[in-house]
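Scroll down for the structure; my scribbles are underneath it.
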Amino acid sequence: LGAGVAAAAVGDALGQTTPNAYAISARAPAEREGDLSKFIVTGGLAPLVGLGPESVTPYQTTTSADASSGDIFGPSSIPYVLTGTSYSANELWSFADSLKAALGADVLNMAEEGKGPIAPMRALLASDTLKDSPPETVIWEFPVRYLGQPELWNVPEGTEVAK
């Protein structure tokens, strides 16, 4: 639900490339224990305070029949690149698929699990993706809870910084 709402807001802001290009459908629900609950309680205490696994319904996109009649070779480049944290990388949260449906275009997902928001962006900036086939737009998922962590802003040794 949250991924779909956020993706719709991005879609509204950027506009759709090809309306109805992707159909989105629910997959089988999965059980997931939230990562934030580990910060609140540990061990066997979580169930005692009502924190347990939650049922998550992931979604997937498929190319719709309307979109498949277009260019037989498809687009020459991917217009959107997504980078960010596990919220974007983990398919259970369905953010990349929700973006595809909301934008009506393919989204290359370069988010990484367990790396926070900065390391995946640095990897994207250092990758050949931007040089060889630059996207029109980079979408950076950045949870607000990371803004207060000063160590995230430390530049790794040997990294060239623009001045």
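First residue of the sequence shown: 2, per this note's numbering; consecutive thereafter. Ideal placement from N, C-alpha and C gives every residue a C-beta, glycine not left out.
Distance between residue j and residue i (C-alpha atoms, nearest Å)
| i | j | result |
| --- | --- | --- |
| Thr64 | Val50 | 43 angstroms |
| Ala22 | Ser78 | 16 angstroms |
| Leu104 | Val145 | 23 angstroms |
| Ile25 | Pro59 | 10 angstroms |
| Glu32 | Ala120 | 28 angstroms |
| Glu55 | Gly159 | 42 angstroms |
| Gly35 | Ser134 | 36 angstroms |
| Asp13 | Ala106 | 13 angstroms |
| Val57 | Gly149 | 29 angstroms |
For residue i, the residue or residues it bridges with in DSSP
| i | result |
| --- | --- |
| Ile140 | Leu83 |
| Ala24 | Thr63 |
| Ser56 | Glu32 |
| Leu109 | Val82 |
For residue i, the nearest candidate out of the options (CA to CA)
| i | options | result |
| --- | --- | --- |
| Ala112 | Leu83, Gly105, Ala103 and Phe96 | Leu83 |
| Arg28 | Ala10, Gly12, Leu52 and Ser95 | Ser95 |
| Met122 | Gly149, Glu92 and Trp154 | Trp154 |
| Phe143 | Pro118, Ser128 and Pro157 | Pro118 |
6 angstroms Cβ shell around residue i - same chain, five flanking residues per side excluded
| i | result |
| --- | --- |
| Lys101 | Tyr23, Thr62 and Val108 |
| Ser99 | Ala4, Gly5 and Ala8 |
| Glu137 | Pro80 |
| Gly16 | none |
| Pro30 | Ser56 and Thr58 |
Residues of its chain near residue i, where Cβ-Cβ distance is below 7 angstroms and the 5 sequence neighbours each way are ignored
| i | result |
| --- | --- |
| Ser87 | Glu114 and Gly115 |
Close Cβ partners of residue i (< 8 angstroms) along its chain, the five nearest in sequence each way excluded
| i | result |
| --- | --- |
| Leu125 | Val82, Thr84, Met111, Leu131 and Val139 |
| Val11 | Leu100, Ala103, Leu104 and Ile140 |
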